[in-house]
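To start, the structure under review is shown below, and the notes come after it.
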Amino acid sequence: MSEAISMSDARPWADPTAAPFLQIKNVTKKFGDFTSVYDVSLDIYKGEIFCLLGGSGCGKSTLLRMLSGFETPTSGQIIIDGQDQAGIAPYDRPTNMMFQSYALFPHMTVEKNIAYGLKRDGLPKAEIAKRVSDILSLVQMDGFAKRKPNQLSGGQRQRVALARSLVKKPKLLLLDEPLGALDKKLREETQFELIKIQESLGVTFVVVTHDQEEAMTLSSRIGVMTAGEIVQVGTPREIYEYPRNRFVADFIGSVNIFEGRIAEDGESHVIVASHEAGLDIYVPHSISGVIGQKVAVAVRPEKVQISKGDLGNLRNKLTGTIDEIAYMGDASVYQIRLDNGKRLRVTQTNLTRSEESTLNYGDRVNLGWDGSAGVVVTS
Amino acid sequence: MSSLPLGSRIGALLGRMGLKGRVLVIAIPTVWLLIFFLIPFLVVAKISFSVAAIARPPYLPIVEWVDGFFRISLNFGNYLFLLEDPLYVAAYLGSVKIAGVSTLIALLIGYPMAYLIARSEPDRRNLLLMLVVLPFWTSFLLRVYAWIGFLKGNGVINNLLIGIGIIDEPLVMLQTDFAVYVGIVYTYLPFMILPLYANLVKLDEAYLEASADLGARPITTFFTVTLPLSLSGIIAGCMLVFIPAVGEFVIPALLGGPDTLMIGQVLWNEFFSNRDWPIASAVAIVMLFVLVIPIMLLRWAQSASEGENQ
Numbered sequence: 001m002s003e004a005i006s007m008s009d010a011r012p013w014a015d016p017t018a019a020p021f022l023q024i025k026n027v028t029k030k031f032g033d034f035t036s037v038y039d040v041s042l043d044i045y046k047g048e049i050f051c052l053l054g055g056s057g058c059g060k061s062t063l064l065r066m067l068s069g070f071e072t073p074t075s076g077q078i079i080i081d082g083q084d085q086a087g088i089a090p091y092d093r094p095t096n097m098m099f100q101s102y103a104l105f106p107h108m109t110v111e112k113n114i115a116y117g118l119k120r121d122g123l124p125k126a127e128i129a130k131r132v133s134d135i136l137s138l139v140q141m142d143g144f145a146k147r148k149p150n151q152l153s154g155g156q157r158q159r160v161a162l163a164r165s166l167v168k169k170p171k172l173l174l175l176d177e178p179l180g181a182l183d184k185k186l187r188e189e190t191q192f193e194l195i196k197i198q199e200s201l202g203v204t205f206v207v208v209t210h211d212q213e214e215a216m217t218l219s220s221r222i223g224v225m226t227a228g229e230i231v232q233v234g235t236p237r238e239i240y241e242y243p244r245n246r247f248v249a250d251f252i253g254s255v256n257i258f259e260g261r262i263a264e265d266g267e268s269h270v271i272v273a274s275h276e277a278g279l280d281i282y283v284p285h286s287i288s289g290v291i292g293q294k295v296a297v298a299v300r301p302e303k304v305q306i307s308k309g310d311l312g313n314l315r316n317k318l319t320g321t322i323d324e325i326a327y328m329g330d331a332s333v334y335q336i337r338l339d340n341g342k343r344l345r346v347t348q349t350n351l352t353r354s355e356e357s358t359l360n361y362g363d364r365v366n367l368g369w370d371g372s373a374g375v376v377v378t379s
Numbered sequence: 380m381s382s383l384p385l386g387s388r389i390g391a392l393l394g395r396m397g398l399k400g401r402v403l404v405i406a407i408p409t410v411w412l413l414i415f416f417l418i419p420f421l422v423v424a425k426i427s428f429s430v431a432a433i434a435r436p437p438y439l440p441i442v443e444w445v446d447g448f449f450r451i452s453l454n455f456g457n458y459l460f461l462l463e464d465p466l467y468v469a470a471y472l473g474s475v476k477i478a479g480v481s482t483l484i485a486l487l488i489g490y491p492m493a494y495l496i497a498r499s500e501p502d503r504r505n506l507l508l509m510l511v512v513l514p515f516w517t518s519f520l521l522r523v524y525a526w527i528g529f530l531k532g533n534g535v536i537n538n539l540l541i542g543i544g545i546i547d548e549p550l551v552m553l554q555t556d557f558a559v560y561v562g563i564v565y566t567y568l569p570f571m572i573l574p575l576y577a578n579l580v581k582l583d584e585a586y587l588e589a590s591a592d593l594g595a596r597p598i599t600t601f602f603t604v605t606l607p608l609s610l611s612g613i614i615a616g617c618m619l620v621f622i623p624a625v626g627e628f629v630i631p632a633l634l635g636g637p638d639t640l641m642i643g644q645v646l647w648n649e650f651f652s653n654r655d656w657p658i659a660s661a662v663a664i665v666m667l668f669v670l671v672i673p674i675m676l677l678r679w680a681q682s683a684s685e686g687e688n689q
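Protein chains in written order, with this note's numbering: chain A, 1 to 379; chain B, 380 to 689.
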C-alpha cells in the first residue's frame, strides 16, 4: 500500500484559517424507519481527493447521492463553495458524478456522450467540439470518438465516463466506485492516472469505495464509514497507523488484536496487561485511561518479527507455533498459534530468493514487536 | 411392465426416433405454423389465381387433367381488377390511414400509461398491469357493442353532455370515422401498453440520473434519453396495433358509417355477399403484402436499434 498525496506540503485540513470547499453539516438520511446516514459532518477542502470508505450498506453511496442531489437529506445541510444546496435539483448543481455502472448512454457515440452536458449548457458548437477533443486526449481516448459504448472495453468505458463527468469542469466531482469494474492490474494503473488528471484540473474529488487499497492509493484523506456514521477521518497513514477503534483497525488492512487492561499509565507509555497475549504489552502513549480499564492493543501483522533464533532487543516478545503458511510471492503470511490458543497473523517480506522456506509448519518460533508498533484501541 | 414414469418412457421412445428435446421444442411450433398458417395461405393464394364460377366451391380449378396432361391455368385478372376498380385502392388506403392514425393515438395515450406503470412501486405494477389486461376478460364483441351505447344519439355521453348543459343537440358520433377511431384505440391500447411497459421497466434509472447530473431538465431527458432508448418498445407496440387494425372488420362494421371504407369490410363483402372467392382471395393476398413489407422494414429497424443498445 502506498500513499500518493499530492499535497504533502499543503494540508488545508490542518490549517485552521482555511475555509472548507464542501461542508456537510449534521446530515442524516432516513428511508422510512431505516437510518442510512446518521449525523455526518465533514469539511472537505479544495483540491482534495476525499474517499468515503466502508462496507456495503454503510451509507457512503447515499451520502454521495445527497451531494449530487438525487437524494434529499432528512436533516442537515450541504454547502458547496459557500452555497447551501437545499432545494437545488441535480441539473442545477455544480457537481458531476461518475456512476458506478458508468451509465454511458448506449444510443450515443463516445463523442455525443461527452458533449451531452456541454450541449445542455448551450455552448457554441465549435467550443463543444474543442472541449470534447481536449478531454478525450486527457483520458487518452482520441480516436474513439465515433464508437458506441458497447464497442469499448471496460477500461475504455471507464475513461469515457470520467471524461463525460469532467468535461463540464465541475467544482466537485463525485465518483461512485470509479474503478470497481476494472481488473486488478488495470485498476492500479488507472488509480495513478486519476490522481494525475485530478492534479492537472484541480477539481475536488469525493470518491466512494469499499476497496481500502483504492482508498489508500487515491486519497488525500479518508473518511471511514460504518452503519451510516463516520468513525474516523484522516490521511491514509493516520488511518492505518493510528486507527481510532477496533472497526477501523480491522477494516483497513489486517490486524492482531489483544484484549487486556491498563496496568500502568506512564509519562510516555502505557502497559497493557493482556491475558490473551500472556504478556504485558508496551505501547507508546496514545490514550489516557484509568488503571484497570478494559482496552485492546492492535498490532499490524507486518510489524511483528518472526524468527527461530533470538530476536534481540524488542520490547514485546512471545513464542508460538506455526500453524499455516501462505506464500504470496512478495511476502509470506504466517498463522501462529500461541500456547494459550490465541491465533496471530504475521507477514514477512520475502527478502531473499530461496526454494525452501527456513520456517515450516509446526516450527516453534519467537515473535516480537517494537515498542512503537502497537496502538491502543478502544471500543 | 416398466417402472419408469410415463413421461420418461415417451422421452426415451422419441429419443430413439432421433427427436431430442431441443428439436421438439422448435418442431412443434414449426409444424403448427405450417398447418395453420402456411397451408391456408397457399390455399388462398391458389384461389386468387382462379376464375369465379357458379359452382361448389365457387371457382374453377387451376389444375386440370386434360388429355393425359396437367393443364395449369393461372388467372391474373383478379389482381388487375383490384387496380382497375378505385374502390379497392381507396379501401386499402382508408385502412392504412385509419390504422395509422389509431396507432399514433394509441401511442400517445399508451406511452404515458406504460411509463407510469413502469415507474410505480414494484408491488403496484402487477395490479396496474392487470387493470390494463382486464378488458380482455370480457368478450371483444360485447365491448364494441357497449361503445354503441356510449356513442349513440341518446347514449351515455350525449345524455351526460346535454344533462350538464354543454350542448343542446346530441352530437353525431356513432357511424362516423370518429367512432371507429375510438373503437380501435380502445380495443388495441393494451397491445401498445404491454410491449412499451416491458421496455420501459428495463430502462436503467442510472441513465436518467446521469442525464440530470449533466444538466438536463426532466423534459430534455425524456426526449434525449428515455424516448430513444424505448424505440424498440415503440416499434413493437405500433406493430401490434397497426397490423390487426388494418384488417379490422368488426369495429368499422359496428361503429363505422357508410363512408368508413376499410379493406376488411370489402373482403367480407366479396366473400359472403358477392361470393367471388377469387377476388376476395386476391384482396387478402394483397393486404398481406401491404402489411408484410412495412413490417419487415420495422423489424429490421428494431433489430438494428436493439443491437446498438446492447
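Built from N, CA and C at the ideal position, the CB exists for glycine as well.
All figures in this text were calculated on a predicted structure; none of them were measured in a lab.
Check                                                                                                                                                                                          : Outcome
Taking CB distances under 8 Å as the criterion, tell me whether A126(A) reaches chain B.                                                                                                       : no
Return the chain-ordered list of same chain residues with a C-beta closer than 6 Å to the C-beta of P384(B), the five sequence neighbours on each side being excluded.                         : none
Count Cβ pairs between the stretch 237–253 of chain A and the stretch 198–216 of chain A that sit closer than 8 Å; are there 3 or more?                                                        : yes
Nearest CA to the CA of R147(A): which residue from D176(A), N113(A), A89(A) and S274(A)?                                                                                                      : N113(A)
May I have the straight-line CA-CA distance separating Q83(A) from E267(A), to the nearest angstrom?                                                                                           : 47 Å
Helix, strand or coil for M97(A)? Go by DSSP, reduced to three states.                                                                                                                         : strand
Looking at chain A, which residues of the stretch 573–596 of chain B have a Cβ within less than 8 Å of any of its Cβ atoms?                                                                    : D583, A585, Y586, E588, A589, S590, A591, D592, L593, G594, A595 and R596
Would a check of beta-carbon distances place K146(A) closer than 8 Å to chain B?                                                                                                               : no
Can you tell which of G253(A), V132(A), L173(A) and L201(A) has its C-alpha closest to the C-alpha of Q212(A)?                                                                                 : G253(A)
Less than 8 Å between CB atoms is the rule here; does G117(A) satisfy it with respect to chain B?                                                                                              : yes
With a cut-off of 8 Å on the beta carbons, I'd call R440(A) and G117(A) a contact; round off their distance for me.                                                                            : Residue coverage of chain A in this structure runs from 1 to 379, which leaves residue 440(A) outside it and unanswerable.
Just to make sure I have the definition right: I need the residues of chain B whose C-beta is within less than 8 Å of the C-beta of A103(A). Which are they?                                   : D583, A585, Y586, E588 and A589
Smallest Cα separation from D547(B): which of L582(B), L539(B) and L461(B)?                                                                                                                    : L539(B)
Work out the CA separation of I322(A) and G362(A) for me, nearest whole Å.                                                                                                                     : 5 Å
Excluding the 5 residues preceding and the 5 following A615(B) in the sequence, name in chain order all residues of the same chain whose CB lies nearer than 6 Å to its CB.                    : P574
Residues of chain A with CB under 8 Å from V535(B), in chain order?                                                                                                                            : Chain A residues near V535(B): none, gap ~44 Å exceeds 8 Å.
Alpha carbon to alpha carbon, how far is P436(B) from S499(B)?                                                                                                                                 : 57 Å
Between the C-alpha atoms of V430(B) and L439(B), what's the straight-line distance to the nearest angstrom?                                                                                   : 5 Å
Which residue comes first and which comes last in the alpha helix (DSSP H) that contains D323(A)?                                                                                              : Careful: D323(A) lies outside any alpha helix (DSSP H), inside the beta strand (DSSP E) at N316 to Y327.
Kindly say whether L677(B), judged by its beta-carbon, lies nearer than 8 Å to any beta-carbon of chain A.                                                                                     : no
Using a Cβ-Cβ distance cut-off of 8 Å, determine whether V231(A) contacts chain B.                                                                                                             : no
Using a Cβ-Cβ cut-off of less than 8 Å, give me the residues of the stretch 132–145 of chain A that come near chain B, in sequence order.                                                      : none
For chain B, find out if any of its Cβ atoms is closer than 8 Å to the Cβ of F70(A); answer yes or no.                                                                                         : yes
Residues in the same chain with beta-carbon distance under 7 Å from R345(A), minus the five sequence neighbours each way, listed in chain order, please.                                       : S254, N256, P301, V333 and Q335
By the DSSP assignment, the beta strand (DSSP E) with W516(B) in it spans what residues?                                                                                                       : Premise fails: W516(B) is in no beta strand (DSSP E) and is neither H nor E.
Just confirm the distance between the C-beta atoms of I262(A) and I306(A), as a whole number of angstroms; I'd bet it's less than 8 Å.                                                         : Contact doesn't hold; Cβ gap of about 28 Å is too wide.
Helix, strand or coil: which one does DSSP assign to V376(A)?                                                                                                                                  : strand
Quick check on DSSP: helix, strand or coil for E548(B)?                                                                                                                                        : coil
Could you check how far apart the C-beta atoms of T482(B) and V669(B) are, in whole angstroms? I think they sit under 8 Å.                                                                     : Actually they are not in contact, since the Cβ atoms of T482(B) and V669(B) sit about 15 Å apart, beyond 8 Å.
Pop quiz: G59(A) and V27(A) are said to be a contact at Cβ under 8 Å. What is the actual Cβ separation, rounded to whole angstroms?                                                            : Their Cβ separation, rounded to whole angstroms, is 10 Å, which puts G59(A) and V27(A) out of contact at 8 Å.
I need the DSSP call for R221(A), collapsed to helix, strand or coil.                                                                                                                          : strand
Please go through the same chain and pick out, in chain order, the residues whose beta-carbon is closer than 7 Å to the beta-carbon of A680(B), but skip the five residues on each side of it. : I614
Identify which residue in G542(B), S611(B), T566(B) and G532(B) has its Cα closest to the Cα of L550(B).                                                                                       : G532(B)
Would M380(B) count as contacting chain A if we go by Cβ distances under 8 Å?                                                                                                                  : In this prediction, M380(B) has a pLDDT of 47, which is less than 50 and means its spatial position is unreliable; what the coordinates show is noted afterwards. For M380(B), the answer is no, since every Cβ of chain A falls outside 8 Å of its Cβ.
Leaving out five residues before and five after A18(A) in sequence, what residues of the same chain have Cβ atoms less than 7 Å from its Cβ?                                                   : P12 and Y45
Is I674(B) near the ligand FMN, with its Cβ less than 7 Å from a heavy atom?                                                                                                                   : The ligand FMN is not part of the structure shown, which contains no ligands of any sort.
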